[in-house]
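**Student:**
Numbering (this note's numbering), first residue to last: 44 to 227.
1. Which residue or residues does DSSP assign as beta-bridge partners of residue 209?
2. I'd like the list of long-range same chain contacts for residue 213, defined as Cβ closer than 6 Å, with 5 residues on each side in sequence excluded.
3. Between residue 56 and the rest of its own chain, which residues show a CB-CB distance below 7 Å, the 5 nearest in sequence each way excluded?
4. Does the segment 70-89 come close enough to the segment 114-125 to have 3 or more Cβ pairs within less than 8 Å?
5. With burial defined as no fewer than 16 other Cβ atoms inside 10 Å of the residue's Cβ, what is the status of residue 186: buried or exposed?
6. Quick one, which of 130, 124 and 195 has its alpha-carbon nearest residue 32's?
7. Okay, do the segment 172-191 and the segment 137-156 touch, 3+ Cβ pairs below 8 Å being the bar?
8. Just to confirm my understanding: we take residue 227, look at its own chain, exclude 5 residues before and 5 after, and list those with CB closer than 6 Å. What are they?
9. Short of 6 Å in beta carbon distance, which residues of its chain neighbour residue 120, apart from the five on each side in sequence? Order them along the chain.
10. Only counting the same chain, and skipping five residues up and downstream in sequence, which positions put a Cβ closer than 7 Å to that of residue 182?
11. In whole angstroms, what is the alpha-carbon distance linking residue 74 and residue 203?
12. With distance defined between alpha-carbon atoms, name the residue in 156, 111, 200 and 206 nearest to residue 216.
13. I need the DSSP call for residue 52, collapsed to helix, strand or coil.
What follows is the structure in structure tokens.
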């Protein structure tokens, strides 16, 4: 598969179940040795579908995008909006970006990040922050895309305190190397 087979579009209400599936599958693939089992088990398809349905339908502060292929359907998702922590000097934030583990390394994350930046730009944001669990291997992806570590914190995730690292882009642009990779 190449990037040309993957398209990114705004999520629709009917996508909520698939967005929830990608979200849960990604967490179960990424975090089993990082987060407590009870936290991962608490994520239900019904609960997550309701959460994502509300975010998609409200179309307020949070925008939701999906990556899809003609043969598979939804295989990635991202959400973004105003930065939740204005003290770091970034006005926009990518809240979530997840890809179905079966599609890691196929370019969906890069396309979702690029589309997320475009969506933020469309809403007049100038910069972006992404918070990731400090042990999430996605940190290497964010660094390859031009993000720089700008902060660390402890955050409550479903009642559990977890260490997070903030990656910042002072301008809504991916690094040149990432852009060349997207064209291949």
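Glycine residues also receive a C-beta, built at the ideal position from the N, C-alpha and C atoms.
**Tutor:** Let me lay it out:
1. Your numbering for residue 209 matches position 166 in the chain shown. Beta-bridge pairing links residue 209 to 174 and 194.
2. Taking the chain shown and counting its residues from 1, one reaches residue 213 at position 170. Closer than 6 Å at Cβ, skipping near neighbours: 170.
3. On the chain shown, residue 56 is found 13 positions in, with the first residue counted as 1. Residues of the same chain with a CB within less than 7 Å of the CB of residue 56, apart from the 5 flanking positions on each side, are 96, 99 and 100 in chain order.
4. Contact fails: fewer than three Cβ-Cβ distances are below 8 Å.
5. Counting from 1 along the chain shown, the entry for residue 186 is found at position 143. It is exposed - the Cβ of residue 186 has fewer than 16 other Cβ atoms within 10 Å.
6. There is simply no residue 32 to check, as the chain begins at 44 and stops at 227 in what is shown.
7. Touching, yes, given that three or more Cβ pairs across the two stretches are closer than 8 Å.
8. If you number the chain shown from 1, residue 227 lands on position 184. Below a pLDDT of 50, predicted positions are generally treated as unreliable, and residue 227, at 39, falls in that range; no measurement from the model is reported.
9. Position 77 of the chain shown, counted from the first residue, corresponds to residue 120. Non-local C-beta neighbours of residue 120 in its own chain, meaning closer than 6 Å and more than five positions away in sequence, comprise 62, 65, 109 and 141, ordered along the chain.
10. The residue given as residue 182 occupies position 139 in the chain shown. Around residue 182: 175 and 208.
11. The residue you call residue 74 lines up with position 31 of the chain shown. The residue you call residue 203 lines up with position 160 of the chain shown. Note on geometry: alpha-carbon atoms of residue 74 and residue 203 lie some 13 Å from one another.
12. Reading the chain shown from its first residue, position 173 is the one you call residue 216. The shortest C-alpha separation from residue 216 is found at 156.
13. Your numbering for residue 52 matches position 9 in the chain shown. Three-state DSSP puts residue 52 in a strand.
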